[in-house]
Amino acid sequence: MLQTCVLSLLAFTGASQFALVGALAGGGSPFTAAVGAVFLSMRNAFYGIRLSQLLALPRAVRPLAAHMVIDETTAVSLAQHGRRAARIGFVVTGVSLYLLWNLSTFLGALGAEAIGDTATWGLDAAGPAVFLALLAPMVRTTTQRAVAAVAVLLGLGLLPVLPSGVPVLAAALAVPVVLYVEGHKRVEGRRTQRAQQASDDSAQGEDR
Amino acid sequence: MNIWIAIAVTVVGCYAVKLAGLLVPAGALERPLVQRTAALLPVALLAALTAQQAFADGRVLVLDAKAAGLAAAALALLLRAPFLVVIGAAVVVTAGVRALAG
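Those sequence lines, one after another, are chains Z and W.
The first sequence: position 52 = 51 (numbering that gives the first Met the number 0), numbered continuously.
The second sequence: position 40 = 39 (numbering that gives the first Met the number 0), numbered continuously.
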């Protein structure tokens, strides 16, 4: 009970917490369990890179803000227009989620099995739906859509093959892949443009 | 005791990872390619995460009532429904499909 709450208060990354508890309950060694859990949280580093640009946090605030760099805060911040809104979104999401997360951990640890199966009420669909709604404004351009599509394929395709947590990270490869293909197309486009221009030039030459 | 060690390692590790991302110097992010990559990374990660939450149970791919719920959410998004309506649609449709199926 104390352990569960300390983990929630100090780690504050759902996936990693579940992974740690799952691995420990499954009889895994504490060290392997911990490494797996940390690995699961790697994506938060990528979120942090983007957020530090977006929020332009003062150096002194960063260690505190770092605690709140998670899926939800990133999604909300990126969906805002302007730095002020993004900062507000980040803080409000971070703080409210932190309080609720830890409150529910506490209640859960107390033994609130009385609630029953959340799946019966369809509440498990709320998670992906929230992410989908937050993702929607981020996939406006063709590039963004391509990245999202490739990422979904990678994330789902690799799921049965790789240990949990790794497929999501592997989905990040969608970015270089799409950017590479795009860059390739642009070079080719430029080449045909140049060839076009050259033929236009020679046509003009013939006119003269 | 061992469990406390595991908790400590997880806590420190997770925090270090989060902080590392925030502390990447701004100078390293000035190159356009790095900027584009950093801007697109969350899109990729969130998209993959959404798909996994919707279509996977643990490491097994599943197509269940949640998919119907997510489809309802997508439809609501296309119709420019407010945020809570989108979530509500997903929850209600998922529960409905489950009730009908089982």
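Cβ coordinates follow ideal geometry from the N, Cα and C atoms, glycine included.
Fair warning: this is a prediction, and the values are worked out from it, not measured in the lab.
Chain order gives no chain Z residues near G26(W), where near means a beta carbon separation below 9 Å; the closest approach is about 12 Å.
Going by DSSP, G81(Z) is part of no alpha helix (DSSP H) at all; its letter is neither H nor E. In the displayed model, A55(W) falls within a strand according to three-state DSSP. Taking the Cα of G13(Z) as reference, the smallest distance to any Cα among V177(Z), L53(Z), A194(Z), M67(Z) is reached at M67(Z). Under the rule that a run must span 4 or more residues, the alpha helix (DSSP H) segments found entirely inside the stretch 88-171 of chain Z read 125-134, 141-156, 165-170. A25, L28, L32, Q34, R35, T36, A37, A38, L39, L40, P41, V42, A43, L44, L45, A46, A47, L48, T49, A50, Q51: these are the residues of the stretch 24-51 of chain W whose beta carbon lies less than 8 Å from some beta carbon of chain Z, given in chain order. Contact with chain Z is found for V8(W), since one of that chain's Cβ atoms lies less than 8 Å from the residue's Cβ.
For I86(W), the enclosing alpha helix (DSSP H) covers residues 82-100. Per the C-alpha coordinates, the member of V186(Z), V146(Z), G47(Z), L56(Z) positioned closest to R83(Z) is L56(Z). L60(W) sits in a strand when the DSSP states are folded into three classes.
The Cβ atoms of A128(Z) and L18(W) lie no closer than 8 Å to each other. Interface residue (Cβ-Cβ distance to chain Z less than 8 Å): A70(W) is not classified as such. DSSP places R42(Z) in the helix class (H, G or I) of the three-state scheme.
Taking 8 Å as the upper bound on Cβ-Cβ separation, chain W lies near residues A118, T119, W120, G121, L122, D123, A124, A125, G126, P127, A128, V129, F130, L131, A132, L133, L134, A135, M137, V138, T142, Q143 of the stretch 116-144 of chain Z. When secondary structure is reduced to three states using DSSP, P31(W) falls in the helix class.
Using a Cβ-Cβ distance cut-off of 8 Å, the stretch 90-101 of chain Z and the stretch 58-76 of chain W are not in contact, since fewer than three pairs of beta carbons, one from each stretch, lie closer than that value. Straight across, the Cα-Cα distance linking L39(W) with Q143(Z) is about 7 Å. By the criterion of a C-beta distance shorter than 8 Å, A66(W) is surrounded in its chain by A53, F54, once the five residues flanking it on both sides are discounted. The beta-carbon of S7(Z) is placed no less than 8 Å from the nearest beta-carbon of chain W. By the C-beta criterion, the stretch 7-23 of chain W is judged to be in contact with the stretch 45-60 of chain Z, since at least 3 inter-stretch pairs fall below 8 Å.
With fewer than 16 other Cβ atoms inside 10 Å of its own Cβ, G57(W) counts as exposed. Ranked by Cα distance from A50(W), the options I69(Z), A124(Z), Y46(Z), W100(Z) are led by A124(Z).
Between V42(W) and G121(Z), the gap from beta carbon to beta carbon reaches 8 Å or more. At least one C-beta of chain Z is nearer than 8 Å to the C-beta of A89(W).
Counting only the Cα atoms, A197(Z) lies some 42 Å from V151(Z). Counting only Cβ-Cβ distances below 9 Å, V61(W) has no contacts in chain Z at all, with the closest Cβ about 11 Å away. Taking a Cβ-Cβ threshold of 8 Å, none of the residues of chain Z is close to A100(W); the smallest such distance is about 12 Å.
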